[in-house]
Each structure stands twice: as structure tokens, then as C-alpha cells.
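Structure first, then comments.
Number of protein chains: 2
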Amino acid sequence: VAVGLGPLPDLPPIEGVKLASVAAGVRARGRVDLGLIACDAGTRCAAVFTRNAFCAAPVVIARRHLAADTPRALLVNSGNANAGNGAEGEEDALTTCHALAALIDCPVEAVLPYSTGVIGERLPADRITDALPGAVAELSADGWHGLARAIMTTDTAPKGSTRTILLSSGATVRINGVAKGSGMIRPDMATMLAFLATDAAVEQDALDAALRHGVSRSFNRITVDGDTSTNDACTLLATGRARGARIAGDSGADYEAFRDALADVLTELAVAVIRDAEGATKFITLDVTGAATAADALRAGYAVAESPLVKTALFASDPNWGRILAAIGRAGVSGLVAERVVIEINGVRIASAGARDPSYSEERGRAAMAPADIHLHIDLGMGAAAERIWTSDLGYEYVRINAEYRS
Amino acid sequence: VAVGLGPLPDLPPIEGVKLASVAAGVRARGRVDLGLIACDAGTRCAAVFTRNAFCAAPVVIARRHLAADTPRALLVNSGNANAGNGAEGEEDALTTCHALAALIDCPVEAVLPYSTGVIGERLPADRITDALPGAVAELSADGWHGLARAIMTTDTAPKGSTRTILLSSGATVRINGVAKGSGMIRPDMATMLAFLATDAAVEQDALDAALRHGVSRSFNRITVDGDTSTNDACTLLATGRARGARIAGDSGADYEAFRDALADVLTELAVAVIRDAEGATKFITLDVTGAATAADALRAGYAVAESPLVKTALFASDPNWGRILAAIGRAGVSGLVAERVVIEINGVRIASAGARDPSYSEERGRAAMAPADIHLHIDLGMGAAAERIWTSDLGYEYVRINAEYRS
């Protein structure tokens, strides 16, 4: 069960975008496992993909298509990652793109494929192409919830977020987003797929800049187990169909409002992914402050957030500042002075001056660790740089899920 | 229960070294938790310590003493790490050194302190000093097994190794070693203490070089969970009491024989630590070959060895080459070509050309994964560099031990 994850919010229509989700039988019969997003001509697209050297076939094809044309449709399946399948994987991904392009009458390069699920099993392209006519027939502006469910794998709940912004012209624009992901998650993306759309008319450079800005503060600041996947992708469509909603460049109040709202949507999705992290019983917001540089803050933060010893202590609701100090100590922060480091958990100071804080007691520590939502604050006492990371704990369920699930 | 760890071998006396182990009640009554190694005047010493920025009080004191004098005694307790205790921690460590120095009539700088166990609880120095007269009275050349047991914490079995070498003079010399450690283990040392002694007369430079050489191939090539401790230390004494056993410099056949035998002892101890890794059910020898550089081989190796997803797959006896490929893909090996990577498990080729190997079948994969000893071979197909790493799997027991034990 996800830690404090709320229900899927209403996700209103985005003009110029239609969605469908159907059961194609990719892995299991009857499960809705195929999602389709169609967008009007003239829609702009920004996307970021996994940096894993072994990227899956759909990532290879989507990157290539995006460089050649602007998309008219995104096609995503769960149940099979189409990764580690060599040349046949690319052929299969292309087969599904060709079939969809023929149905909606667009160039094959205007279709971007996405897959998530088991690695190393051949994609049943025929089942997907068989299901496509039905999916196209079902396209509707109200399909966001269906898409959020169709892309789930080990997720226990669908994830979505939306924002409405008032521009200086008086126009309102919307941003919707859905995401999936619950493990293999860390910076440089995750086994994570996110699909976002806005009806704002954002110029290409501004759209790219806003997505990079938002992802760097959201999906690139979460970690479950330090692993990254072969399939990660975050794609943003801007249809430009809202009236008076032109965002001309990557500056100005309208751009900032759009960028910040987009970052909010991305952050809500990223936080939802961590709240639903595989086997998680705790949701941890980790603030590292007082670092000499942002890089140092992230070094210390990830060393703590990815330490199995810290994560098992969090699972045990054990305010084990010794393990936290030890993780900071090996993080490679140059010039670290043990005596300056301060650690607080949910407002209770547990360590200072390289030792247990004088005010600390086991009772206060246990009380601070009791909630499912944990705020862990580490001040390095060296400078003014600060970074925030979100992570989860490591318990029996993580082992069970990952020992039983073939990903 | 340790994976394939044999019984403690006979550890014959090393001339010039006497040992004792007693129950001081550091943490629990009755448990033998205090070890003492006394050596003759003129003994040389080489040592390496944790690189964690938060090193424990005994590491601070041992480093300082070693720089000031040559040791006459090593004093080690389990049950309490004396880490994270600020200035009081150093005072307590010094108190025990002073007490022992008075008993055996040597400068306080000739005593090196070591501690392992719970972090952040004050060392009960009085219990240790109370137990010291009894320990000194018990000093004997036959105390190696007792020492191996006295230093255990979450270890399930004592760990020791010995070698005898024939030098060109016709003299035989011995090297004994004992170690403890079962978690928080990775390069740059581990929560690992190792004590070694030889009766060879090795010059200081040669002794230092041989220890660095051996540690780089043993304790710095093992990983359980990527965590390092505040207390790690590996100390080698050379008494020079064997006749005709002078090893003059760090070259020549005698030096090489000594260096290689020492590396063997260190490797046996390091492998024993991994076989006894917390909650381990598998022992994995990971060979990365075909790398462009040794650094690339280690990058790929540690990314795989420390991936929780790979480790849970190993626990499940699941030949999950997809997770292994994904870990290699994020390791930061520049110029990696997916099509050249080959993965074999216990001789069965499971992946090649970025995909499942054509010869692979689930049955062969399952059979290869069945034994407790797993040889994982990754060839990157890029060059001639190769490195070997040892690691363990990640299962329920790891979580249980680390969620229940306050380290």
C-alpha cells in the first residue's frame, strides 16, 4: 500500500489531446495494458529519456522519430519493456508504430512508442496491432484516468496531477500529467514513464527549457534503490489550442508561471512514485542544507538516501544517526568537518558535533520516527547550498516484490 | 548461516606474538569481547584505516599512536564501536590505552585501540580497564582462535587464515590473520577489523607495500551493501623473530613470496567476510573482463554488485540478465556498446549482443543459479582490463538483521 498517496485527482480535458486505453493482452488477458495519446497537428513536444547505455528499443525508436518529425500519437504498453531484445525489439516497436500511423494517417515518424514491464521477452506486436483499431475508436478527451491505469506495472495506485494557470493575457491554460513507476528509481530518470500535456502554445525552446527545469527538480531528485531503467521517458505535449495562450520564450512572467506549474505537476508525480515505492512503509523528504556546493549536497543526500543500512533503519523506525553519519562520512564531501554536522528527524535534533545531540533521548527519537512521513534534515555546516531528495525505506516487501517479480 | 564458510583453520603460534581474550562485559555479561595482542620490542607494524570522514575515536587514537611509536600491544573490543562519541570517545579510548601501557610497562603511544559494535553509546572504559590485568595474565602464543571469536559482532562464524612460506635462505616464515565483519562492507574498507602477524623480518617500506598490495586485492574488492564503517582497520605486525627471515626491500623473490602469501591470507579473510555477509544465501564471485581500463571494470562491477535489484534477483536464484544489463548500462562506462557485452553465470551464457543469448533457456539459467556459490562473468568487449569483486545477495535476513540490530 502506498504511503500517504491520495486518490487520483480530476484530470480535465486538454484541448487538442485525446486518449484511449484498452486491453491488448500484452502479458495478461483482460488487463488494460495499452494506452494511446493522439494530438492535433501543430502540437509541440519536449521529452527526456533514460541515460542508461542499454536503452530499450522503444526509447531508440522514440528518440529517432522525435528528431525526424513532430508527434501525432504516443503509444504505450505495460506488461513488456521490449528491452534487451536486440534488433527484433526495434522491429517490433516499429511494427506497432506503422500500424498506428496507417490507422490515423500520419507518417510513422509521428508515432512515438513506449513500453514498460518485463525485460527480455519479445514484445507481442501482433496483439498490440490487433488492439489498435479499437483504441483509435475509443479516443476521447476524458481518457486521462484510463491512461494512468493502463501504464501501471508494480504500481499499487495510479498517479496524476493537474494545474491551471492564468496568463497575463487573461487566458487560462492547463497542464495534466500521469506517471507510473515504483522501483528502479533514481536520478537520470527511473523505470518511470510520465506523459504530460498542456493547451498552452509554448515555443519549442521554452518547452524544452521548462521540462528540463522541472525534471531536474522532480524525477531527477528521487531514489528508491539507486537503479535506473532502460525505458524511462518523460514526454510533454503542448497543443497550443487554448486561446491567447502563447508563451513566446523562456523568460517573462508567463513563462515563469508555466515553468513553475509544470514543475509542480512533475514534483507531484515524482513524489507519488516514491510514496508508491516498492514495499515502502515510509516516505522520506531529505533536505541537505549548509553544503559548500549543490554537488556536495547531492553527494551527501544520495549517500544517505541509497544506504541500505539507513533504509533498513528507517523501515525499523530506528533513529539511527550513527548510520546516517557513517553514510555522510563516505559520501566524498571534501573538507567535511564532523563537528559541524547536525541531523534532525521530524524536527527532533538527533545528532550534532559528530555525536548524539545532548537534548536527544531514545523516547524523543522513537516518537519522531513513528509517522509514515519522515522529514530528515542534514545540515553540513559548510556553506549555503541546499538540495531536496525524496526516498523510501527498505523492508521485507521490497525484497519480496523484487525477488518474485521478473522485471 | 554463512555460505560455504569452512571451519577456522589451525592458527599456529607466531614467535614474538602473544594473545588473550576475556569477557569484559562491554555490552553483554559473560561474552568474550576483549582481545589483546602483545608483541616483542622491535616489531614493525603496517596498518590501513577507514577513509570515512566520521572515523571512530579508536581510529583517531590508533593513527596518532602509530605515527608516534611502534606498537607493543593492540587492544580490541567488540560490542561498542566508540564512534560518534565526540571528545569523550577519544578520552575513553585513551583511558584504556593508558591502563594497558601501565600494566605492560610501555609508552601509551605503543598501544593501539580498536573497537567494533554499536555506534553512539559511550565506551565502558572502566569495564575494559578492570578486565585488563586478567587479559595480560592470560597472554599466550596460542590465542589466535580466541581472538577470532572475541572480535565477532553480527558474524556467525570466526574467520582466520594462515600461510607458511619458504624463503631463499631456507628459513620458513608464517603469516596468521583473523578478521571480523559481515555488513557495511565495501571498498575503502568495511566494518571490518583484521589483525595479522608474521615472524618474518620485513623492512618497513616492504611491509607497507605488501599490505597495500594485498588489501587492494582483497578487502577493497568486497561489497555487501555499499556502506563503509567508521571503525575499519587492518593491522599487520612483523616480529622478525624467525631466524634467517629478513626481507630487505619491496623487490626480489623473497619479497614476492611474502607479498603473495600475505595477499592470499587477506583474500581468504575477505572472502570469509562475504561468505558470512549479513543474511547472505549466495556467495558471488564477479569477474569483469574486457574492460578498457581497470576503473571501468570496477565501475561496472560495483554497479552490478551493489544493485539491490540484482541482489534480490540473486537471492531469488533468478538469472535476471535484464537487471544486470541495466546496472552495467548506468555504471558510467564510457563508450559502452551493448552489442558487445556478454554475461555468463556459472558457465552458462545468459546474455550476448545486448539481449538474451540464443543458447539460453530458463531451465539452463535456473540450473546455473541453483548453487550457493555463483560465478558471474561479465565481458564488456572493449579491452583487456579485468577486475574481480566478491559480493552477496540481498534477502529477508539482511533486512531483519539490519532492522533489528542497533549498529
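In the order they appear, the protein sequences are chains W and S.
Our numbering applies: residue 1 is where the first sequence begins, and numbers increase by one.
Our numbering applies: residue 1001 is where the second sequence begins, and numbers increase by one.
All residues carry an ideal CB built from backbone N, CA and C; glycine is no exception.
Just so you know, these numbers come straight off a predicted model, no measurement behind them.
Item                                                                                                                                       : Value
Runs of alpha helix (DSSP H) lying entirely within the segment 1107–1184 of chain S, each at least 4 residues, in chain order              : 1125–1138, 1144–1150
Supposed close pair ASP1276 (chain S), ASP1155 (chain S) - CB separation, criterion 8 Å                                                    : 6 Å
C-alpha distance - GLU363 (chain W) paired with ALA370 (chain W), whole-angstrom precision                                                 : 11 Å
Neighbour list for THR289 (chain W) in chain S, Cβ cutoff strictly below 7 Å                                                               : What THR289 (chain W) touches in chain S: nothing, since even the nearest Cβ is about 18 Å away.
CB contact below 7 Å: PHE1283 (chain S) versus chain W                                                                                     : no
Residue(s) in a DSSP beta bridge with ASN1085 (chain S)                                                                                    : W:ALA355
Residues of its chain near ALA1385 (chain S), where Cβ-Cβ distance is below 6 Å and the 5 sequence neighbours each way are ignored         : ALA1291, THR1293, ALA1294, ALA1297
C-alpha distance - LEU1005 (chain S) paired with ASP1199 (chain S), whole-angstrom precision                                               : 27 Å
Beta-ladder partner(s) of CYS39 (chain W), from DSSP                                                                                       : W:VAL17
Validate contact between the segment 234–247 of chain W and the segment 273–289 of chain W using beta carbons, cut 8 Å, 3 pairs            : no
Contact list for the segment 93–124 of chain W against chain S, Cβ threshold 7 Å                                                           : ILE119, GLY120
ARG1051 (chain S) (DSSP reduced to helix, strand or coil)                                                                                  : coil
Beta carbon proximity, ALA385 (chain W) to chain S, threshold 7 Å                                                                          : no
Interface flag, THR230 (chain W) vs chain C, CB-CB below 7 Å                                                                               : In the structure shown, chain C cannot be found, because the protein chains are W and S.
Contacts around THR96 (chain W), its chain only, beta-carbon distance under 7 Å, and the 5 residues preceding and following it disregarded : LEU75, PRO113, ALA125, ILE128, THR129
Supposed close pair ALA1135 (chain S), LEU1286 (chain S) - CB separation, criterion 8 Å                                                    : So it is not a contact: roughly 41 Å between Cβ atoms.
Min CB distance VAL399 (chain W) to chain S below 7 Å                                                                                      : yes
THR267 (chain W), enclosing beta strand (DSSP E) - first and last residue                                                                  : No beta strand (DSSP E) contains THR267 (chain W), which is instead part of the alpha helix (DSSP H) from 252–275.
ARG1299 (chain S) Cβ short of 6 Å to the ligand GDP heavy atom set                                                                         : The model depicted lacks the ligand GDP and carries no ligand whatsoever.
Given ALA1038 (chain S) as reference, the closest of S:GLY1143, S:GLY1244, S:THR1050 once Cα atoms are compared                            : S:GLY1143
Cross-strand partners of TRP1390 (chain S) (DSSP beta bridge)                                                                              : S:ILE1222, S:THR1285
Through-space distance from GLY1301 (chain S) to VAL1333 (chain S), alpha-carbon basis                                                     : 11 Å
Chain S contact residues for TYR396 (chain W), given Cβ-Cβ distances below 9 Å                                                             : TYR1396, VAL1399, ARG1400, ALA1403
For ALA1270 (chain S) and GLU1090 (chain S), the rounded distance between their alpha carbons                                              : 29 Å
Where THR1043 (chain S) meets chain W, residues with beta-carbon distance less than 8 Å                                                    : The premise fails here: THR1043 (chain S) is roughly 31 Å from chain W at the closest Cβ pair, so nothing lies under 8 Å.
Secondary structure of VAL1022 (chain S), DSSP reduced to three states                                                                     : strand
Neighbour flag for ARG330 (chain W) against chain S, beta carbons, 7 Å                                                                     : yes
Integer-rounded CB distance, given that LEU1034 (chain S) should sit under 8 Å from PRO1158 (chain S)                                      : Going by Cβ atoms, the distance from PRO1158 (chain S) to LEU1034 (chain S) rounds to 15 Å, so no, they are not a contact pair.
Whole-angstrom C-beta distance between ILE374 (chain W) and LEU314 (chain W), which should lie under 8 Å                                   : 7 Å
LEU1167 (chain S) classed as buried or exposed, judged by whether at least 16 other C-beta atoms fall within 10 angstroms                  : buried
C-beta neighbour in chain S for PHE49 (chain W), strict 7 Å                                                                                : no
Three-way DSSP call (helix, strand, coil) for LEU1236 (chain S) in this model                                                              : strand
Nearest to ALA1197 (chain S) (by Cα), restricted to the options S:GLY1395, S:GLU1397, S:ARG1349, S:ALA1261                                 : S:ALA1261
Spatial neighbours of VAL1108 (chain S) in its chain, beta-carbon cut-off 6 Å, leaving aside the 5 residues before and after               : CYS1097, HIS1098, ALA1101
Contact list for ASN1085 (chain S) against chain W, beta-carbon separation under 7 Å                                                       : ALA355
Close-in-space but distant-in-sequence residues of the same chain around LYS180 (chain W) (CB under 6 Å, 5 per side omitted)               : ILE151, MET152, ASP155, LEU193
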